[in-house]
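Numbering (the UniProt record's numbering), first residue to last: 1 to 319.
Below is one structure; the comments refer to it alone.
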């Protein structure tokens, strides 16, 4: 039996990977977490996951946790530190965490596949004109891995998750706002209404399906980028789908970048930078096309939950 170590096992991406691989008898799942006594960790143990203590800020703990594994799914959380460290500070921390993970993984002689959750190189693609720190610092770490751990890079697959449909239910700056004195709602975000949004569908389901496909593909996926996007939709489609599902009238209002930053500080600024970059770069599949591995090649075409299906499942959380 092969062993897979899943970082962020109690989070959205890692939890999705755990859910899928628990269904596959080929894999024994190790859930890597900073708190083995949390309720989420206890739930993983009850489901048959071996929960292992490690911290992405501590390379030695990662080496110990990765001992004997066949595959690693690596994910970091930029958003945990943005409020205290700022946009660039959170990015620098994330780079160091990914270096720690890569250095630890490089010491594991049994490792055959390293799957790294990353995002597009916004800064590079725009010629330095449009920076999106929670994208760009992940790619700085990728560049470092390429240069400093070439053996690890030779068995690495990048996983790029699109925009979460669940943002419409849980993120304050993406929720539809009730219009006082009416039954209507408004979506107010800093983006042109015609801009395409790269949507991952139900990420909590789809991430695990795609990563399982990556691991099944093995060497065919080395050096490739698997892009988890089910739909490219204009922002206005979010409004029409909201109306269809909730039965409430809705409208789109374009916020300025400055106003969204007034309301949500560094979170708003980061959010605005992503949407403005997407206006100019709507199709992730075209960015580094020669490295993209398709869902068909991964054997998961037709298995992903799309935007409409994911939004319908969130109906009770939208208003």
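All C-beta atoms, glycine included, are put in the ideal place defined by N, C-alpha and C.
All figures in this text were calculated on a predicted structure; none of them were measured in a lab.
Item	Value
Over what stretch of residues does the beta strand (DSSP E) that includes residue 254 continue unbroken?	250 to 254
Just to confirm the assignment: which complete alpha helix (DSSP H) runs, minimum length 4, are found wholly within the region 182 to 269?	203 to 217, 235 to 246
Taking the alpha-carbon of residue 10 as reference, which of 77, 244, 93 has the nearest alpha-carbon?	77
Give a yes or no on contact between the region 164 to 180 and the region 126 to 139, applying the rule of three or more CB pairs nearer than 8 Å.	no
With burial defined as no fewer than 16 other Cβ atoms inside 10 Å of the residue's Cβ, what is the status of residue 46: buried or exposed?	exposed
Quick check: the Cα distance between residue 177 and residue 118, rounded to an integer number of angstroms?	31 Å
By Cβ distance, which residues of its chain are closer than 8 Å to residue 282, with the 5 residues on each side in sequence left out?	195, 196, 198, 232
So residue 169 is in the alpha helix (DSSP H); what residue range does that whole segment cover?	167 to 170
Specify the secondary structure class of residue 135 as computed by DSSP and reduced to three states.	helix
Take residue 145 as the anchor and find which of 165, 96, 212, 109 has the nearest alpha-carbon.	96
Given a cut-off of 8 Å on the beta-carbon distance, is the pair residue 279 and residue 192 in contact?	yes
My output table needs one value for residue 89: the three-state DSSP class, helix, strand or coil.	helix
Kindly indicate which residue of 268, 22, 12, 58 has the alpha-carbon position closest to the one of residue 48.	22
Spatial neighbours of residue 303 within its chain, please: C-beta separation below 7 Å, excluding the five flanking residues on both sides.	209
Compute the Euclidean distance between the alpha carbons of residue 276 and residue 264, then round it to the nearest angstrom.	17 Å
Residue 184 to residue 308, Cα distance in whole Å?	20 Å
Could you tell me the distance, in whole angstroms, from the CA atom of residue 204 to the CA atom of residue 221?	22 Å
Closest by CA to residue 182, which one among 166, 148, 251?	251
Starting from residue 301, follow the alpha helix (DSSP H) in both directions and report where the run begins and ends.	Neither: residue 301 is in no alpha helix (DSSP H) and is coded neither H nor E.
What distance in whole Å lies between the Cβ atoms of residue 300 and residue 218, which are believed to be in contact at a cut-off of 8 Å?	At roughly 15 Å, the Cβ-Cβ gap does not stay under 8 Å, so residue 218 and residue 300 are not in contact.
Between which two residues does the beta strand (DSSP E) carrying residue 3 extend?	2 to 7
Counting only the same chain and skipping the five closest in sequence on each side, list residues whose C-beta sits under 7 Å from that of residue 51.	31, 33, 36, 41, 44, 45
Would you decide whether residue 79 is buried or exposed? Buried here means 16 or more other CB atoms lie within 10 Å of its CB.	exposed
With H, G and I counted as helix, E and B as strand and the rest as coil, what does DSSP make of residue 174?	helix
When the Cα atoms are used, what is the spatial distance from residue 180 to residue 253?	15 Å
Determine whether the beta carbon atoms of residue 273 and residue 124 lie at a separation below 8 Å.	no
Buried or exposed for residue 147, going by 16 or more other Cβ atoms inside 10 Å?	exposed
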